[in-house]
Amino acid sequence: MSILTSIKLETASICEITKLSTQKRFSTSSPLFYEGQIPIVAYLLLEGCIQLLKNKKIKHILRPGSLIGLDELMSNSPSKHEAFVHAESTLCFLDKSTILEIIHEENSSLAFLLRDKAK
Amino acid sequence: MKKTTNVSCENCVSKSEGIFCDLGIPEMDQISHHKINNTYKKGQTLFIQGNHPFGIYCISNGNIKLTKTGLDGKETIVRIAHGGDILGHRSLFTDDNYSATATAMEDTEVCFIDKKFILKIIENNPSVALSIINKLSRDMGAAESKLSSLHQKNVRERLAELILSLKASHGVKENGRWKIDLKLTREEMATMIGTANETLIRFMTEFKDAGILEQEGKTIFIKDEEELLNWANINY
Numbered sequence: 002m003s004i005l006t007s008i009k010l011e012t013a014s015i016c017e018i019t020k021l022s023t024q025k026r027f028s029t030s031s032p033l034f035y036e037g038q039i040p041i042v043a044y045l046l047l048e049g050c051i052q053l054l055k056n057k058k059i060k061h062i063l064r065p066g067s068l069i070g071l072d073e074l075m076s077n078s079p080s081k082h083e084a085f086v087h088a089e090s091t092l093c094f095l096d097k098s099t100i101l102e103i104i105h106e107e108n109s110s111l112a113f114l115l116r117d118k119a120k
Numbered sequence: 005m006k007k008t009t010n011v012s013c014e015n016c017v018s019k020s021e022g023i024f025c026d027l028g029i030p031e032m033d034q035i036s037h038h039k040i041n042n043t044y045k046k047g048q049t050l051f052i053q054g055n056h057p058f059g060i061y062c063i064s065n066g067n068i069k070l071t072k073t074g075l076d077g078k079e080t081i082v083r084i085a086h087g088g089d090i091l092g093h094r095s096l097f098t099d100d101n102y103s104a105t106a107t108a109m110e111d112t113e114v115c116f117i118d119k120k121f122i123l124k125i126i127e128n129n130p131s132v133a134l135s136i137i138n139k140l141s142r143d144m145g146a147a148e149s150k151l152s153s154l155h156q157k158n159v160r161e162r163l164a165e166l167i168l169s170l171k172a173s174h175g176v177k178e179n180g181r182w183k184i185d186l187k188l189t190r191e192e193m194a195t196m197i198g199t200a201n202e203t204l205i206r207f208m209t210e211f212k213d214a215g216i217l218e219q220e221g222k223t224i225f226i227k228d229e230e231e232l233l234n235w236a237n238i239n240y
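Top to bottom, those sequences are chains L and U. Following the numbering used here, the residues of the first sequence are numbered contiguously, the last one being 120. Following the numbering used here, the residues of the second sequence are numbered contiguously, the last one being 240.
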């Protein structure tokens, strides 16, 4: 069974994303998206951890530097897992408009990466 | 992974009540292509109080309750949103975090549009901005009414007023009486009028004994709307 597409990013790409989007700290644990749903944004974990669950069972724990939801968001595909962020985690968010702007306008390594992953 | 096709805004069951009702087909197609369409099961949250907003949610069908949690951990229902309503629209104009938690009360179909895209749509189509202002004004009016009710009315009047407002939003005429097509627990109803569970139950019994309301299971029926208006002490 394939897990939700999670991309481990290099430090340079993480820096580029943090410049283009806002960073937020989650004060409480909360679901990011549920199993069978399309994520509303792509999430880059900067600090803390995200759990990926299936049928309420933990299947994977993501560590800082992981980008999730990009593939599902851009291809309109429902996620096979639920993503749950722990309290005191810091995340960066990339909405569809920002991703499209980066893909169409930027000529950076991040643009190449997003073009490749969001096919 | 199975790719899904978005339900077109043009075919949305709540199109006439939504903020995009005045748009032409090309603009609606643009939104349909960009938006994210999800179904939330009963009890699933769309967003949580204190979290960062990314855009607006348009409810296609179903009901969403908006609750605020106080410092004592108690939850209060501040609003029930249904088909055609939007959520998170205040986030378009401020950078504030969500002031309430949105939870699906039944299986609910919701579309999400990110902030950048909706602002671009507003820039090109002022009718969308007017529709949002209209929604904001109505929300503000409802909040003012609720505030004055909590200060000026007793529990009996507030309960009568709540049932009348549920009739306006979820009422269905059935065999000469109004059916409230929304299942709320007694606890949820009590938080909506700022009273204790026991007090609400006592007043519900009083309403039923007076022949104003009827109940079948969890469903409430209004038998005597005129008397309910008198009890609410408003010109509804």
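Glycine residues also receive a C-beta, built at the ideal position from the N, C-alpha and C atoms.
{"query": "When U/Lys-78, U/Asn-201, U/Glu-148, U/Glu-218 are compared against U/Arg-181, the one with the closest alpha-carbon", "result": "U/Glu-218"}
{"query": "Residue from U/Lys-39, U/Cys-25, U/Val-82, U/Thr-43 with nearest C-alpha to U/Ala-104", "result": "U/Val-82"}
{"query": "Option in U/Thr-199, U/Glu-229, U/Lys-45, U/Ile-125 with minimal Cα separation from U/Lys-212", "result": "U/Glu-229"}
{"query": "Burial state of U/Asp-89, where buried means 16 or more other Cβ atoms lie within 10 Å", "result": "buried"}
{"query": "Residues near U/Ile-126 in its chain [Cβ-Cβ closer than 7 Å; skip 5 each side]", "result": "Val-132, Ala-133"}
{"query": "Interface flag, U/Tyr-240 vs chain L, CB-CB below 9 Å", "result": "Residue confidence is low: U/Tyr-240 scores 45 on pLDDT, short of 50, so the model does not pin down where it sits. No coordinate-derived value is stated."}
{"query": "Pair within 9 Å by beta-carbon distance, U/Glu-113 and U/Thr-43", "result": "yes"}
{"query": "Integer Cβ distance of U/Lys-45 from U/Asp-111, believed to fall under 8 Å", "result": "6 Å"}
{"query": "Neighbouring residues, chain U, relative to L/Gln-38 (Cβ below 7 Å)", "result": "Asn-42"}
{"query": "Residues of its chain near L/Asn-77, where Cβ-Cβ distance is below 7 Å and the 5 sequence neighbours each way are ignored", "result": "Ile-39"}
{"query": "Same chain, Cβ closer than 7 Å to L/Ile-22, five either side skipped, listed in chain order", "result": "For clarity, residue 22 of chain L is Ser in the given sequence; the question names Ile instead. Here the set comprises Cys-93, Phe-94, Leu-95, Thr-99."}
{"query": "Whole-number beta carbon distance between U/Ile-52 and L/Ser-67, since they are thought to touch under 8 Å", "result": "Their Cβ separation, rounded to whole angstroms, is 21 Å, which puts L/Ser-67 and U/Ile-52 out of contact at 8 Å."}
{"query": "Interface flag, L/Asp-96 vs chain U, CB-CB below 9 Å", "result": "yes"}
{"query": "Inter-residue CB distance, U/Leu-166 and U/Met-196 (contact presumed, cutoff 8 Å)", "result": "6 Å"}
{"query": "Assigned exposure category for L/Asp-72 - 16 Cβ within 10 Å defines buried", "result": "buried"}
{"query": "Neighbour-count burial assignment, U/Lys-69, 16 or more Cβ in a 10 Å radius", "result": "buried"}
{"query": "Contact set for U/Asp-26: own chain, Cβ-Cβ below 6 Å, skip 5 residues either direction", "result": "Ser-131"}
{"query": "Separation of L/Val-86 from L/Gln-52, as counted between CA atoms", "result": "6 Å"}
{"query": "For U/Met-144 and U/Arg-94, the rounded distance between their alpha carbons", "result": "12 Å"}
{"query": "Residue from U/His-38, U/Phe-116, U/Ala-85 whose Cα sits closest to the Cα of U/Arg-142", "result": "U/Ala-85"}
{"query": "Cβ shell of L/Ser-28 (< 8 Å), same chain only, five flanking positions each side left out", "result": "Ala-88, Glu-89"}
{"query": "C-beta atoms of U/Phe-274 and U/Lys-119 nearer than 9 Å", "result": "Residue 274 of chain U is absent from the model: chain U starts at 5 and stops at 240."}
{"query": "Enclosing alpha helix (DSSP H) for L/Arg-26 [first to last residue]", "result": "Run containing L/Arg-26: none in the alpha helix (DSSP H); it sits in the beta strand (DSSP E), 24 to 26."}
{"query": "C-alpha gap between U/Thr-80 and L/Met-75, whole angstroms", "result": "36 Å"}
{"query": "Beta-carbon contacts of U/Asn-65 that lie in its chain and below 6 Å, excluding the five residues immediately before and after", "result": "Val-17, Gly-87, Glu-113"}
{"query": "Residue range of the beta strand (DSSP E) that includes U/Gly-145", "result": "Segment 130 to 156 is the alpha helix (DSSP H) holding U/Gly-145; no beta strand (DSSP E) there."}
{"query": "Residues near L/Ser-14 in its chain [Cβ-Cβ closer than 8 Å; skip 5 each side]", "result": "Ser-110, Leu-111, Leu-114"}
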